[in-house]
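In what follows, a structure is listed as C-alpha coordinates, so that the remarks can point back to it.
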Amino acid sequence: MVEADLLDPSAFSLAEVRSVLAPPFGAVARASSRSHCLAFFEAYRPAFAPGIAPFTDAEGAAAALREAGADVEVLTYRTTRTGRAVVEGFLQRCAFDDTTSLEQMETVEPLASYLRDCRGADGAWTFSHEVHRMTWEGPARQG
59 MVEADLLDPS AFSLAEVRSV LAPPFGAVAR ASSRSHCLAF FEAYRPAFAP
109 GIAPFTDAEG AAAALREAGA DVEVLTYRTT RTGRAVVEGF LQRCAFDDTT
159 SLEQMETVEP LASYLRDCRG ADGAWTFSHE VHRMTWEGPA RQG
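Take a look at the structure:
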(Lines of atoms letter the chains of each structure in order from A; the text may use other names.)
(Lines give C-alpha, C1' and ligand atoms only; values in the text may rest on other atoms or scores of the structure.)
Protein backbone atom coordinates (compact mmCIF):
# COMPACT_ATOMS: atom_id res chain seq x y z
CA MET A 59 0.00 0.00 0.00
CA VAL A 60 1.30 3.41 -0.96
CA GLU A 61 -0.02 6.19 1.26
CA ALA A 62 -2.09 8.93 -0.43
CA ASP A 63 0.18 11.69 0.81
CA LEU A 64 2.85 10.43 -1.57
CA LEU A 65 1.26 12.09 -4.59
CA ASP A 66 4.04 14.62 -5.08
CA PRO A 67 7.17 13.90 -7.18
CA SER A 68 9.70 14.75 -4.46
CA ALA A 69 12.78 12.58 -3.93
CA PHE A 70 11.43 11.56 -0.51
CA SER A 71 8.09 10.44 -1.95
CA LEU A 72 9.73 8.47 -4.75
CA ALA A 73 12.01 6.72 -2.25
CA GLU A 74 8.99 5.81 -0.11
CA VAL A 75 7.19 4.34 -3.14
CA ARG A 76 10.31 2.35 -4.07
CA SER A 77 10.40 0.88 -0.57
CA VAL A 78 6.87 -0.51 -1.00
CA LEU A 79 6.77 -1.60 -4.65
CA ALA A 80 9.26 -4.10 -6.05
CA PRO A 81 10.89 -3.31 -9.41
CA PRO A 82 9.62 -3.17 -12.04
CA PHE A 83 6.73 -1.02 -10.92
CA GLY A 84 4.86 2.05 -11.99
CA ALA A 85 2.83 4.71 -10.27
CA VAL A 86 0.79 7.54 -11.75
CA ALA A 87 -1.31 10.13 -9.94
CA ARG A 88 -3.52 12.18 -12.23
CA ALA A 89 -6.35 14.64 -11.68
CA SER A 90 -9.75 13.58 -12.99
CA SER A 91 -11.99 15.68 -15.19
CA ARG A 92 -13.93 16.64 -12.03
CA SER A 93 -10.89 17.93 -10.17
CA HIS A 94 -10.17 21.56 -9.31
CA CYS A 95 -6.86 21.47 -11.18
CA LEU A 96 -8.42 20.66 -14.54
CA ALA A 97 -11.44 22.94 -14.05
CA PHE A 98 -9.15 25.78 -12.97
CA PHE A 99 -6.84 25.31 -15.95
CA GLU A 100 -9.75 25.29 -18.40
CA ALA A 101 -10.88 28.65 -16.98
CA TYR A 102 -7.27 29.93 -16.91
CA ARG A 103 -6.27 29.04 -20.49
CA PRO A 104 -8.44 31.46 -22.52
CA ALA A 105 -6.93 34.60 -20.98
CA PHE A 106 -3.50 33.54 -19.78
CA ALA A 107 -2.41 30.55 -21.91
CA PRO A 108 -4.50 30.44 -25.09
CA GLY A 109 -1.90 28.49 -27.07
CA ILE A 110 -1.47 25.76 -24.47
CA ALA A 111 -3.28 22.44 -24.87
CA PRO A 112 -5.69 21.34 -22.15
CA PHE A 113 -4.47 18.98 -19.46
CA THR A 114 -5.24 15.31 -20.00
CA ASP A 115 -7.62 13.88 -17.43
CA ALA A 116 -7.08 10.66 -15.50
CA GLU A 117 -10.04 8.75 -16.86
CA GLY A 118 -8.43 7.63 -20.14
CA ALA A 119 -5.18 6.54 -18.53
CA ALA A 120 -7.06 4.77 -15.72
CA ALA A 121 -9.18 2.77 -18.18
CA ALA A 122 -6.14 1.63 -20.15
CA LEU A 123 -4.13 0.79 -17.05
CA ARG A 124 -7.05 -1.12 -15.49
CA GLU A 125 -7.18 -3.28 -18.63
CA ALA A 126 -3.47 -3.95 -18.19
CA GLY A 127 -3.99 -5.02 -14.57
CA ALA A 128 -3.15 -1.85 -12.67
CA ASP A 129 -4.82 -1.00 -9.40
CA VAL A 130 -6.71 2.28 -9.64
CA GLU A 131 -7.87 4.13 -6.56
CA VAL A 132 -9.93 7.32 -6.76
CA LEU A 133 -9.23 9.83 -4.00
CA THR A 134 -11.44 12.83 -3.31
CA TYR A 135 -10.59 15.63 -0.95
CA ARG A 136 -11.02 19.37 -0.40
CA THR A 137 -8.56 22.07 0.47
CA THR A 138 -9.66 25.30 2.12
CA ARG A 139 -7.40 28.32 2.48
CA THR A 140 -7.85 31.94 3.54
CA GLY A 141 -4.44 33.52 2.96
CA ARG A 142 -4.15 35.29 -0.38
CA ALA A 143 -0.43 34.54 -0.76
CA VAL A 144 -1.01 30.83 -0.12
CA VAL A 145 -3.94 30.70 -2.56
CA GLU A 146 -1.97 32.61 -5.19
CA GLY A 147 0.97 30.20 -4.90
CA PHE A 148 -1.33 27.19 -5.05
CA LEU A 149 -3.12 28.46 -8.15
CA GLN A 150 0.17 29.37 -9.82
CA ARG A 151 1.36 25.79 -9.29
CA CYS A 152 -1.88 24.51 -10.82
CA ALA A 153 -1.15 26.59 -13.93
CA PHE A 154 2.62 26.04 -13.91
CA ASP A 155 2.87 29.84 -14.11
CA ASP A 156 4.28 31.97 -11.32
CA THR A 157 3.89 35.22 -13.27
CA THR A 158 0.10 35.63 -13.04
CA SER A 159 -1.05 37.18 -9.76
CA LEU A 160 -4.19 36.25 -7.86
CA GLU A 161 -5.39 39.80 -8.48
CA GLN A 162 -5.12 39.25 -12.24
CA MET A 163 -6.85 35.88 -11.98
CA GLU A 164 -9.73 37.47 -10.06
CA THR A 165 -10.35 40.13 -12.71
CA VAL A 166 -10.16 38.27 -16.03
CA GLU A 167 -13.01 36.03 -17.22
CA PRO A 168 -13.77 33.18 -17.29
CA LEU A 169 -11.29 32.54 -14.48
CA ALA A 170 -12.71 35.33 -12.29
CA SER A 171 -16.13 33.63 -12.22
CA TYR A 172 -14.60 30.24 -11.46
CA LEU A 173 -12.64 31.66 -8.52
CA ARG A 174 -15.71 33.53 -7.19
CA ASP A 175 -17.57 30.21 -7.14
CA CYS A 176 -14.70 28.69 -5.10
CA ARG A 177 -14.93 31.38 -2.43
CA GLY A 178 -17.30 31.12 0.51
CA ALA A 179 -19.16 33.85 2.39
CA ASP A 180 -16.40 33.73 5.02
CA GLY A 181 -13.80 34.68 2.37
CA ALA A 182 -12.08 31.28 2.32
CA TRP A 183 -11.38 29.52 -0.95
CA THR A 184 -12.36 25.84 -1.14
CA PHE A 185 -11.08 23.63 -3.93
CA SER A 186 -12.46 20.14 -4.57
CA HIS A 187 -10.05 17.52 -5.89
CA GLU A 188 -10.42 14.08 -7.40
CA VAL A 189 -7.27 12.13 -8.18
CA HIS A 190 -6.81 8.70 -9.71
CA ARG A 191 -3.86 6.90 -8.19
CA MET A 192 -2.70 4.07 -10.42
CA THR A 193 -0.04 1.53 -9.40
CA TRP A 194 1.22 -1.69 -10.91
CA GLU A 195 4.02 -4.19 -10.51
CA GLY A 196 5.59 -6.46 -13.08
CA PRO A 197 7.30 -9.77 -12.52
CA ALA A 198 10.69 -9.52 -10.82
CA ARG A 199 13.57 -9.31 -13.24
CA GLN A 200 15.97 -12.23 -13.33
CA GLY A 201 19.69 -11.83 -13.46
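Taking the working numbering, the leading residue of the sequence shown gets 59, the next gets one more, and so forth. Beta carbons: idealized from backbone N, C-alpha and C, even for Gly. Just so you know, these numbers come straight off a predicted model, no measurement behind them.
- Distance from Arg139 to Phe148 at the Cβ level is roughly 7 Å; contact confirmed, criterion being Cβ atoms closer than 8 Å.
- By the criterion of at least three beta-carbon pairs nearer than 8 Å, the segment 114 to 122 is in contact with the segment 89 to 102.
- Excluding five sequence positions before and after Cys176, the CB atoms of its chain that fall closer than 7 Å to its own CB belong to Trp183, Thr184, Phe185, given in chain order.
- A contact is defined here as three or more CB-CB pairs under 8 Å, and the segment 188 to 196 fails this definition with respect to the segment 103 to 113.
- CA-to-CA, the gap between Ile110 and Phe154 works out to about 11 Å.
- Under the DSSP assignment, Val130 falls in the beta strand (DSSP E) whose first and last residues are 129 to 139.
- As summarised for the segment 62 to 125, the continuous beta strand (DSSP E) elements at least 3 residues long and confined to that stretch are 83 to 89, given in chain order.
- In this structure, DSSP gives Val145 a helical state, which the three-state scheme calls helix.
- In this structure, DSSP gives Ser186 an extended state, which the three-state scheme calls strand.
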